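Sequential numbering of the sequence shown, starting at 148, is according to this note's numbering.
First comes the structure, then the notes that go with it.
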Amino acid sequence: MLEIIDKLPEDITDALKLPIEAPDITPTGVVLGGMGGSAIGGDIVKTVAKGRMRIPFEVVREYEPPKWTGQQVLAVVVSYSGNTEEAISFYLKARKAGASIVVITSNGELENLAKKDKFPCIKVPKGYPPRGAIAYLTFPVFRILKEMKVLDIKEKEFKEVIELLENSKEVSKGWAKEMAKRIKEKIPFVYAETKLFPAARRWVTQLNENSKTLAHYAVFPELDHNELNGWYNPREILRRSIVFILRSREEDEKMRKRIEITKELIEANTGEIVQVFSEGTCLLSEIFSLIQKGDYLSYYLAVEYGVDPMPVQRIETLKERMKE
Numbered sequence: 148m149l150e151i152i153d154k155l156p157e158d159i160t161d162a163l164k165l166p167i168e169a170p171d172i173t174p175t176g177v178v179l180g181g182m183g184g185s186a187i188g189g190d191i192v193k194t195v196a197k198g199r200m201r202i203p204f205e206v207v208r209e210y211e212p213p214k215w216t217g218q219q220v221l222a223v224v225v226s227y228s229g230n231t232e233e234a235i236s237f238y239l240k241a242r243k244a245g246a247s248i249v250v251i252t253s254n255g256e257l258e259n260l261a262k263k264d265k266f267p268c269i270k271v272p273k274g275y276p277p278r279g280a281i282a283y284l285t286f287p288v289f290r291i292l293k294e295m296k297v298l299d300i301k302e303k304e305f306k307e308v309i310e311l312l313e314n315s316k317e318v319s320k321g322w323a324k325e326m327a328k329r330i331k332e333k334i335p336f337v338y339a340e341t342k343l344f345p346a347a348r349r350w351v352t353q354l355n356e357n358s359k360t361l362a363h364y365a366v367f368p369e370l371d372h373n374e375l376n377g378w379y380n381p382r383e384i385l386r387r388s389i390v391f392i393l394r395s396r397e398e399d400e401k402m403r404k405r406i407e408i409t410k411e412l413i414e415a416n417t418g419e420i421v422q423v424f425s426e427g428t429c430l431l432s433e434i435f436s437l438i439q440k441g442d443y444l445s446y447y448l449a450v451e452y453g454v455d456p457m458p459v460q461r462i463e464t465l466k467e468r469m470k471e
C-alpha cells in the first residue's frame, strides 16, 4: 500500500494520458454512479466544478440514477473491478432511461456491457485496490467534462497538483508517521468546510479500510447546527477522541471565525484537536494535498496497529454473501 500511495503523482500523470471518448451531446446534467473507492473521484470533481458548471452534477452511491436521468444526461459509471452490483444496476437503469453513458473500469461485466452497447469505456490499469486507483478514477472524469465543454479546468491546475504532491511526499510521510503514534487507540473525527469535504471523506474511508479503525467526518457549517451539541457524552469515550480539522489557507473570515469558536467550545471534551492546513493555489491542489496526508496517516496507523492495510476481508465477505 505504501508504494501505491507514493505513486499518486505519477498515477495522475498517467491518468491524464489515458485515451478518452466523450459522447457527442450537450448535456443538461451529469450523474456519476459508483461505490466506495470508485466514487470518491466523483466527489472531488463535483466539488471542484461547483461554481464552474451551469448544469447539475450528482454523485450516486446506490442502485439507480435520479429520475431526471434521460437522453441529454451524461451518466458516468465508475467501478474499478467492473463487477460492483450497485454500479451494474446503475448502468442498466441509466441505459433504460436513454442516458449517454461513459464507463470507467479496469475489467469485468461493465466493460462487457459497454462494448456490447457501444458506449465509451475508459480502461484503467489493473492491479490496484479500488481506493488506490484514485488518480485513474478521478482525472478521466475531469477530461471528459472538459472535452464536452461543460467544465473549464486548466491544464496548469493538473500540473500544480502533480508537482505539489511530488514535492510534499517526504514531509507528508514524516508528519503521518509521528501522528499515527499519537492517534493509536483513539477515535478520529475529521472536520472540514464544505469545499474540502472530499478530503475529509477520504480520510475516514482510508482509516476504515487501511487502518481497520472506525472514524467519523462532518462538515462545516452544518456540524455546528447539530453535532456541536453532542460533545458532552459519553465522556470517557470522548476523552479518547482526536479531532482533525482540515483547513484551507483561503478560508473566508466567516468560516475562520466559525472554526475557531467551534474549537473553543469542544476542546475541553476532546482528547486533542489537530489542525491540518491544505497547500496549493487551486482547490484541486488543496484537496489532494490533504488526501496525500490522510492516505499516509492511514498506512502508518495500520503499521502501529500491526494490521495489513491491503485486505478488506469483511467487505469481500459481504459481497460474496450478497451473491447467495
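We put the CB at the ideal spot given by N, CA and C, even for glycine.
The structure displayed is predicted, hence computed values, not measured ones.
- By the 16-neighbour rule on beta-carbons within 10 angstroms, PRO166 is exposed.
- Judged by beta-carbon spacing, GLU256 lies within the 9 Å limit of ASN230, meaning their Cβ atoms are closer than that value.
- Under the DSSP assignment, ALA222 falls in the beta strand (DSSP E) whose first and last residues are 220-225.
- With a beta-carbon spacing of about 4 Å, PRO277 and GLY184 fall inside the 8 Å limit used to define contacts.
- Counted as a single uninterrupted DSSP element, the alpha helix (DSSP H) harbouring GLU150 occupies residues 149-153.
- The Cβ atoms of ILE300 and LEU311 do not sit closer than 9 Å to each other.
- Taking the CA atoms as reference points, MET457 sits about 31 Å from CYS429.
- Of all C-beta pairs linking the stretch 153-166 to the stretch 188-208, fewer than three are shorter than 8 Å, placing the two stretches out of contact.
- In the displayed model, ILE269 falls within a strand according to three-state DSSP.
- The Cβ atoms of ALA365 and PHE391 do not sit closer than 9 Å to each other.
- In this structure ARG329 is exposed. Its beta-carbon is surrounded by fewer than 16 other beta-carbon atoms within 10 angstroms.
- In this structure, ALA241 lies near VAL178, with their beta-carbon atoms less than 9 Å apart.
- In this chain, the alpha helix (DSSP H) harbouring ILE462 covers 460-469.
- Per DSSP, ILE167 is not a residue of any beta strand (DSSP E), being assigned neither H nor E.
- Exposure of ALA415 is indicated by the presence of fewer than 16 other C-beta atoms within 10 angstroms of its C-beta.
- The stretch 180-197 makes no contact with the stretch 307-325; the number of CB pairs closer than 8 Å stays below 3.
- The beta carbons of TRP378 and ILE406 sit no closer together than 9 Å.
- Boundaries of the alpha helix (DSSP H) around ILE330: 302-330.
- Counting only the Cα atoms, GLU168 lies some 38 Å from VAL423.
- VAL225 is positioned such that its CB atom lies no closer than 9 Å to that of THR194.
- Between VAL192 and PHE289, the gap from beta carbon to beta carbon is short of 9 Å.
- In the three-state reduction of the DSSP assignment, VAL297 falls in the coil class, being assigned neither a helical nor a strand state.
- Bridge partners of THR252 according to DSSP: LYS270.
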